[in-house]
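Per my numbering, the very first residue in the sequence shown carries number 1; after that it's consecutive.
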Amino acid sequence: MSQTQVTINKKDSLQEERKELQLLDEEIHIMKEKVAKMKVLNQLELELATTALLRQQYRYHRVKAEKQMRDLDEKHRVTKNDATESNGDEDSSDDSMDSDNSDIK
Numbered sequence: 001m002s003q004t005q006v007t008i009n010k011k012d013s014l015q016e017e018r019k020e021l022q023l024l025d026e027e028i029h030i031m032k033e034k035v036a037k038m039k040v041l042n043q044l045e046l047e048l049a050t051t052a053l054l055r056q057q058y059r060y061h062r063v064k065a066e067k068q069m070r071d072l073d074e075k076h077r078v079t080k081n082d083a084t085e086s087n088g089d090e091d092s093s094d095d096s097m098d099s100d101n102s103d104i105k
């Protein structure tokens, strides 16, 4: 083999290695982009799960507060009915006074 052929073979070999390195660099770049996208996706999934949990907690506390309000309304109604039954006629006179007061207003 002549010196020229050896040089050409080395040059071809170097070009092939450069192409392989370039392909590897491109693959690495693509993988880095995928990793970055996965990080963003994971962050979004975490935020979505957090939002769902907060929504569930909100519903729980809203339902709990509504139940407490119903219980208080029921207790107030029972207390008012008990007071009405124990006062008897006095309550009816209060009603008439209330209607008179509404006329005055």
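The C-beta atom is built at its ideal place from N, Cα and C for all residues, glycine as well. Keep in mind the model is a prediction, meaning the values are calculated, not measured.
DSSP-derived helix/strand/coil call for residue i
{"i": "Ser13", "result": "helix"}
{"i": "Ser2", "result": "coil"}
CA-to-CA distance, residue j to residue i, given in whole angstroms
{"i": "Ile28", "j": "Lys10", "result": "26 angstroms"}
{"i": "Leu41", "j": "Ile30", "result": "16 angstroms"}
{"i": "Lys80", "j": "Arg70", "result": "15 angstroms"}
{"i": "Glu66", "j": "Leu53", "result": "20 angstroms"}
{"i": "Thr84", "j": "Gln56", "result": "42 angstroms"}
{"i": "Glu26", "j": "Glu16", "result": "15 angstroms"}
{"i": "Met38", "j": "Tyr58", "result": "30 angstroms"}
{"i": "Gln68", "j": "Asp82", "result": "21 angstroms"}
{"i": "Glu74", "j": "Ala36", "result": "57 angstroms"}
{"i": "Arg18", "j": "Lys34", "result": "24 angstroms"}
{"i": "Thr50", "j": "Lys64", "result": "21 angstroms"}
{"i": "Leu14", "j": "Leu44", "result": "45 angstroms"}
Other residues of its chain near residue i: CB distance less than 6 angstroms, five sequence neighbours each side excluded
{"i": "Lys32", "result": "none"}
Same chain only: Cβ atoms within 8 angstroms of residue i, ignoring 5 sequence neighbours per side
{"i": "Ser2", "result": "none"}
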